[in-house]
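Working notes for the structure below.
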Amino acid sequence: MLLKKKELTKLKKYAEKELNNKIEKVKFFSLDTITNEIDKIQESYENEDYTFFADLADSVIFENISEEYRDDFSSEDHNENILELAKFITQDYIIKLKILIKNNYVVLDSEKNTFEQIERINLIKEKKYLTSEEVSLIYQIKKDKLLDLRTKKMLKYFQIEDNAKVLFNKKDIEEFMRKYTF
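Structure follows, in structure tokens:
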């Protein structure tokens, strides 16, 4: 008895748990290893060779199929069902691996950005004079609040020339922070 696409889709959901376990094991591999895994599976998929997941498909079918299927069992139809389910599983696995790689790149980009931010902050902390953007970043004083403090002359500042950036002495800001924050 050949299974309908709807039944195969239902069985694919049962295979999902095993597939997720396999992804769990692979997710800590290097990006090169994961890419090689994708290439290997992709090549076998393109050659219509689904043996990589045939055992999984076979066990999923027998663990989750109806009595009617077992009663009307024929090995030829069963092999066809295994191949169809293995094809679905292979497609899912390739997609999950590609998502895993994409997520790894997102994490790497995030870590790189975090490192760059830390480096930038460390460089700013070494300066004697800071711009309003740098003051906002380091001391978490919003720019509009900084402007308000300047206007009320609560925070010393200077400009080297007209229409140039406003600069704050780092010592003045630190003294202000000690005086007005808890």
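In this text, residue positions in the sequence shown follow this note's numbering: the first is 535, and each later residue adds one. The beta carbon of each residue, even a glycine, is placed where N, CA and C say it ideally should be.
message = Considering Cα atoms alone, identify which of N615, R684, Y673, I675 is closest to K539.
response = N615
ask   = Are the region 641–658 and the region 614–632 in contact at 8 angstroms, needing three or more beta carbon pairs?
value = Segment contact: the region 641–658 against the region 614–632, fewer than three CB-CB distances shorter than 8 angstroms; contact not assigned.
query = With D626 and K546 assumed to form a contact (beta carbons below 8 angstroms), what rounded beta-carbon distance in angstroms separates them?
reply = 7 angstroms
request  = Select from A549, M711, F563 the residue whose C-alpha is nearest the C-alpha of L634.
outcome  = The residue with the shortest Cα to Cα distance from L634 is F563.
message = Helix, strand or coil for T585? Go by DSSP, reduced to three states.
response = helix
key: From K662, I658, E601, Y579, residue whose alpha carbon lies closest to that of I629   = Y579
task = Can you give me the start and stop residues for the alpha helix (DSSP H) that T665 sits inside?
result = Unbroken run through T665 is the beta strand (DSSP E), 663–665; no alpha helix (DSSP H).
message = Helix, strand or coil, according to DSSP, for Q693 in the structure here?
response = strand
message = Once DSSP output is grouped into helix, strand and coil, what is the label at F710?
response = helix
ask   = Are there 16 or more other CB atoms within 10 angstroms of the CB of E668, so buried, or fewer, so exposed?
value = buried
ask   = Where do the ends of the alpha helix (DSSP H) carrying F649 lie?
value = 609–660
task = Check whether the Cβ atoms of K713 and L664 lie closer than 7 angstroms to each other.
result = Against a cut-off of 7 angstroms, the Cβ pair of L664 and K713 comes out as no contact.
inquiry  = Less than 7 angstroms between the C-beta atoms of L683 and L689, yes or no?
reply    = Inclusion of L683 and L689 in the CB contact set at 7 angstroms is warranted, their separation being smaller than that value.
request  = Hey, could you find the ends of the alpha helix (DSSP H) I553 is sitting in?
outcome  = Position check: residue 553 holds Leu in this sequence, whereas Ile was assumed. Residues 539–560.
ask   = Identify the residues that DSSP records as bridge partners of V700: which are they?
value = Per DSSP, Q693.
inquiry  = At the level of alpha carbons, what is the spacing between E561 and I568?
reply    = Before going on, a small fix: residue 561 reads as Lys here, not Glu. If you take the alpha carbons of K561 and I568, they lie about 8 angstroms apart.
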